[in-house]
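Residue numbers (this note's numbering), protein chains in the order written: chain A, 392 to 706; chain B, 9 to 353; chain C, 36 to 348.
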Amino acid sequence: MTQLIVKRLLSGLLALFLIATFLFFVMRSVPGDAIDIQLAESGLSEERITEVKDEMGLNDPILEQYADWASGIVRLDFGDSLVRDESVLDIILRRLPVTLELSFLAIALSLAFGPIVGMLSAIRRGKPSDAILRVGSIVGLSIPNFLVGVLMITYLSEWFGYSVPIGYQEFWESPWVNLQQMILPAIALALSVGAATARMTRSSMLEVLGTDYIRTVRAKGADERMINTRHAFKNSLIPVLTLVGLQFGGLLGGTVILEAMFSLPGLGSQVFEAVRTRDYPLIQAAALVYGAMFILVNIMVDLAYGWIDPRIRAS
Amino acid sequence: MTVTEPSSISAEASSDTIVEVRNLTKHFPIEKGLLKRTVGQVQAVNGISFDVRRGSTVALVGESGCGKTTTGQLILHLLEPTSGTVRFEGRDLAGLQRGELRRLRQRMQIIFQDPFSSLDPRMSTLSIVAEGLEVHGIASGKQKVDRVVELLELVGLSSRDLRKFPHEFSGGQRQRIGIARALATNPEVIVCDEAVSALDVSIQAQVLNLLKDLQAELNLTYLFITHDLNVVRYISDEVIVMYLGEIVEQAATEDLFENPIHPYTRSLFSAVPVVDPDLAEKREPFLASGELPSPSNPPSGCKFHTRCPFSCEAATQQIPETVEFEPGHRAAACPCYTTDGVRVR
Amino acid sequence: MVDVNQHLGSPTNPPSEVVDEDTDVSADASDSAFSRFVGSARHFAKTQKLGMAALAVILLLVLMAVFAGVISANDPALQNRGDVKVGPNGAYWFGTDHLGRDIFARIAYGARVSLTVGGVTVLVATVVGTLVGGFSGYYGGRFDLVLQRIVDAVMSIPVLVLALFIVALLGPSIRNLILALTIVVTPSFVRVARGEMLRIRSSDYVRAADALGASPFRTVVRHGLPNLFAPIIILASLTFGNAIVAEASLSFIGLGVPPPEPSWGRMVSDAREWIRLYPWMLLFPAAAISVSVLAFNLFGDALRDHLDPKLVL
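Written as structure tokens, this is what we have:
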């Protein structure tokens with residue numbers, strides 16, 4: 392087990408290194424270097440521009456710049472923001488907790504509803520309720536989450552006179568206000584992940600229900616509810632977990648728009664702002680952090696298999 | 009009775025030998041982990057030697073996992089051997105340039121077991137059968153179509169089938185397409201890898217007859233890989249029995265069926281259901297016990313000792329010698345008995 | 036146990052005459068790739084009702100995009116100062132927006148943008164991804180190992196974040212949007228094509244081609260790529276929907292299609308301020324996005340059920 396964790400962490404680190412390399416070269420392969428344009432538009436004097444570029448090491452050969460950047464990452468030094476007078480690392484550390492809270496709330500919500508909806512759908516296979524749940528989940532999968540956000544903001548206040556409290560409060564300052572601020576974007580994000588989970592649970596559970604061993608359990612006279620929950624449901628969760636891990640990336644992407652829309656001071660809204668102000672080092676580092684989160688979550692998913700399936704734990 | 013080393017079956021292959029296999033060995037590495045460390049070897053084929061005479065049919069029999077399919081692929085050089093040589097008309101296949109080998113492929117072909125997975129589902133009959141003609145630039149255009157029609161007719165199909173796709177045919181018809189594909193380049197040697205095992209009994213007989221007729225007509229040499237002794241008896245001139253990657257017995261078909269020597273061969277024969285009640289009565293009830301050992305960790309000494317009813321202390325240590333019991337009838341001599349049938353103590 | 040088969044009843048006297056054992060191949064069986072396709076399509080139409088409905092919606096969208104100029108009387112960018120925020124009526128089917136632009140015209144022209152972005156992205160990703168993934172999977176080796184790692188790495192950056200990064204670097208334009216989305220979605224095609232090719236490579240029909248002396252290149256082109264068709268076409272349909280979402284999302288935050296080109300995502304964004312009083316400004320673009328994404332997802336699903344029910348994408 393420990394060996395497995397170490398192995399997964401190592402290959403995760405390799406992936407991160409490749410992401411960093413990829414981002415670096417994407418940035419440098421842009422015609423008419425982005426930073427040149429940025430600096431030219433900044434209204435700084437010619438001399439100051441050269442100075443800034445020297446400070447940033449932009450006049451060095453590209454491989455040297457790459458080595459600098461890569462070794463910086465190893466020391467968690469992502470450089471300074473082009474816009475704010477702050478290091479990229481400080482900004483990320485300040486903003487990340489909000490994004491983490493939001494995305495894990497969204498995952499929790501989708502796991503609370505998706506698998507159960509999928510299970511009900513599978514149990515009632517072919518009945519009208521199955522059809523409704525199936526169509527419902529593919530619709531949920533098809534509505535972009537920014538649209539869900541817009542609709543929620545508008546119609547909650549329109550119909551119920553409810554509006555989200557203004558002024559972000561952290562959870563330990565005021566849990567109630569914080570949850571109100573978090574829950575709507577979390578629902579918007581959870582909708583598509585939950586829908587995908589429901590679909591996967593349904594098909595994987597149908598497959599399990601068709602296997603010989605479930606037929607054996609049924610032949611032994613176990614009652615249907617027990618069959619469905621204890622045997623079939625648990626065994627259909629592995630592909631669902633894999634899917635959640637893969638969907639986590641899309642969810643992180645969604646936080647960018649939804650945090651901005653709901654004025655949450657997370658990494659997403661920071662990226663949103665950084666894109667507007669063309670704060671490239673910040674976007675670059677944020678993309679790396681998102682990648683790291685994605686990889687970490689997928690390692691956790693791998694480890695969770697062991698908890699669900701003892702065979703994997705043993706090997 | 010002469011004792012011979014396997015490598016010296018015949019020091020010089022005689023002139024009508026078309027395929028000559030010497031000490032052929034294939035080990036597949038078992039890789040593990042991120043760095044693909046080799047943690048073991050699957051000893052699929054372990055130093056086998058035999059000759060195939062032109063125009064004859066040699067059957068390679070044994071349980072699944074005994075290495076017979078690997079042997080077939082090694083002979084066609086579809087797999088690179090770990091050691092040992094395969095000579096086709098005296099030329100070592102491993103020593104050939106890639107282009108030379110490709111040209112030589114015209115002359116040796118293969119027919120697969122599963123008529124469903126061996127035909128590309130997205131190709132028409134015409135494209136499937138014509139592939140060899142195209143690859144070797146043998147024919148093109150109208151000539152190519154004519155040749156394909158000729159081949160289809162040879163195997164009992166017709167020009168109406170040219171544009172059909174594999175899923176439109178039955179298993180037997182698909183196998184005929186596979187045979188036509190193999191015949192397209194006018195090969196001399198054909199490896200039939202369980203070529204009829206997947207077919208229904210009545211269709212097996214038809215395909216076997218087709219193969220026999222084609223052999224007579226085109227002077228083909230067959231290496232017939234199968235686990236079905238009835239098929240062996242019907243089609244082959246010579247039989248090679250394999251167990252865990254090694255040859256345990258080798259003889260002309262009649263000799264082998266009349267007088268099987270090796271305990272493994274005898275256990276194979278006793279497992280064949282027979283319809284004839286007289287024959288069934290005469291037969292010794294004799295079965296190998298237990299499971300086939302893993303080829304990655306084969307037993308010591310005589311590899312069959314873990315399942316052999318005659319097993320003795322000597323068999324666990326002593327690697328059996330190959331003995332020519334009668335002219336042309338070789339077998340791994342049981343370490344528990346002398347060649348005269350006296351039990352070793 | 037010794038697994039010797041007993042298939043042949045009386046092996047020594049099989050019927051001596053070779054007869055055509057199967058005569059049930061129906062006379063009307065298709066005899067060309069085209070009629071085979073027609074047969075498959077007919078079966079699809081019969082069994083996948085929802086998929087057919089989705090296909091109809093997609094065709095409708097395509098027609099709308101192609102004939103945007105014909106079906107809408109007004110210029111989508113024209114600002115009719117006299118007709119600002121008019122509700123749906125005979126002249127303006129879907130009403131007008133805060134600048135007096137015809138929403139129906141903007142939806143129709145927006146379809147052109149959405150389908151162009153989605154279509155070009157999916158086309159390029161399909162061709163590049165299939166070729167790269169297919170060849171890499173077949174040849175294996177060091178290149179394949181490295182490629183696999185890169186694909187894993189790129190796929191762990193959230194799609195929207197990576198697209199944002201690239202568009203932010205290049206500046207918003209339709210061409211850059213397509214470029215960004217193509218970079219973002221191609222890895223999944225590479226992964227699927229590679230995985231399928233590994234399966235195909237170990238099949239007997241590829242071994243038969245090897246035995247015939249076909250070159251690896253020929254084998255990939257003749258046997259490999261055509262057999263990648265099913266999973267790739269399913270992935271393409273699902274990706275098309277995702278590309279429309281991504282385009283709308285980026286346009287929504289002002290980094291997608293630059294004005295004056297109409298885009299559904301931007302229309303939603305424009306509508307936010309006016310939504311309370313003029314809900315049609317939101318309703319139509321929101322419906323356009325959702326319905327077209329739904330159509331591509333449903334069609335992709337139906338294709339999967341039809342072609343390869345076991346496929347997990």
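Here a beta-carbon is modelled for each residue, glycine too, at the ideal position from N, C-alpha and C.
- Taking C-beta separations shorter than 6 Å and ignoring five residues to either side along the sequence, the partners of Q661 (chain A) in its chain run R486, following chain order.
- For F415 (chain A), the closest of A:T441, A:L454, A:D445 by C-alpha to C-alpha distance is A:L454.
- Short of 6 Å from the beta carbon of L401 (chain A), and not among the five residues preceding or following it, lies no beta carbon of its own chain.
- Fewer than three Cβ pairs drawn from the region 592–601 of chain A and the region 568–582 of chain A lie within less than 8 Å of each other, which leaves the two stretches out of contact.
- Against chain C, a Cβ distance below 8 Å from A406 (chain A) picks out R184, D187, A188, S191.
- Distance from the CA of E438 (chain A) to the CA of D476 (chain A), rounded to the nearest whole angstrom, comes to 20 Å.
- Within the region 556–575 of chain A, no residue places its CB atom closer than 7 Å to a CB of chain C.
- Runs of alpha helix (DSSP H) with 4 or more residues, each lying fully within the region 179–248 of chain C, are found at 194–205, 209–236, 239–246, listed in chain order.
- S125 (chain B) has a beta carbon lying within less than 7 Å of a beta carbon in chain C.
- Secondary structure at L159 (chain B): helix, using DSSP grouped into helix, strand and coil.
- Within its own chain, the residues whose Cβ lies closer than 6 Å to the Cβ of V94 (chain B), once the five positions on either side in sequence are excluded, are V29, I83, L101, listed in chain order.
- Neighbours of D239 (chain C) in chain B, taken as residues at a C-beta separation under 7 Å, are given in chain order as F120, D122, S125, S126.
- Taking the beta carbon of L205 (chain C) as reference, no residue of chain B falls within 8 Å; the closest one sits roughly 37 Å away.
- In the three-state reduction of the DSSP assignment, P37 (chain B) falls in the strand class.
- Judged by DSSP in its simplified three-state form, N569 (chain A) adopts helix.
- For H78 (chain C), there are no C-beta contacts with chain B under 9 Å, since the nearest C-beta of that chain is about 13 Å from it.
- Residue range 91–96 is occupied by the beta strand (DSSP E) that includes S91 (chain B).
- If you check the CB distance, A89 (chain C) and L317 (chain C) do not come in under 7 Å.
- Taking C-alpha positions only, G230 (chain C) is separated from L493 (chain A) by approximately 34 Å.
- Per the Cβ contact rule, the region 84–93 of chain B is not in contact with the region 161–169 of chain B (fewer than 3 Cβ pairs under 8 Å).
- Nearest Cα to F120 (chain B) within the set B:E161, B:V157, B:T78, B:R110: B:T78.
- Look at F139 (chain C): its C-beta is not under 7 Å from any C-beta on chain A.
- When DSSP states are grouped into helix, strand and coil, R99 (chain B) belongs to the strand group.
- For Q49 (chain B), there are no C-beta contacts with chain C under 8 Å, since the nearest C-beta of that chain is about 20 Å from it.
- In this structure, A192 (chain B) places its C-beta atom within 7 Å of the C-beta atom of L141 (chain B).
- For I310 (chain C), at least one C-beta of chain A is nearer than 7 Å to its own C-beta.
- Between V220 (chain C) and T274 (chain C), the C-beta gap is smaller than 7 Å, which places the two residues in contact.
- Spanning the alpha carbons of T330 (chain B) and S57 (chain B) requires a straight line of approximately 11 Å.
- The three-state secondary structure of T602 (chain A), taken from DSSP, is coil.
- In the DSSP assignment, H337 (chain B) falls within the unbroken beta strand (DSSP E) covering 337–340.
- E39 (chain B) and A160 (chain C) have their C-alpha atoms roughly 34 Å apart.
- Per DSSP, reduced to three states, the secondary structure at Y174 (chain C) is helical.
- For E455 (chain A), no beta strand (DSSP E) encloses it; the enclosing alpha helix (DSSP H) starts and ends at 453–465.
- Scanning chain C for C-beta atoms nearer than 8 Å to the C-beta of R113 (chain B) yields A246, L247, G248, reported in chain order.
- The three-state reading of DSSP puts D336 (chain C) in helix, counting H, G and I together.
- Identification of residues in the region 258–276 of chain C having a C-beta nearer than 8 Å to some C-beta of chain A yields G276, given in sequence order.
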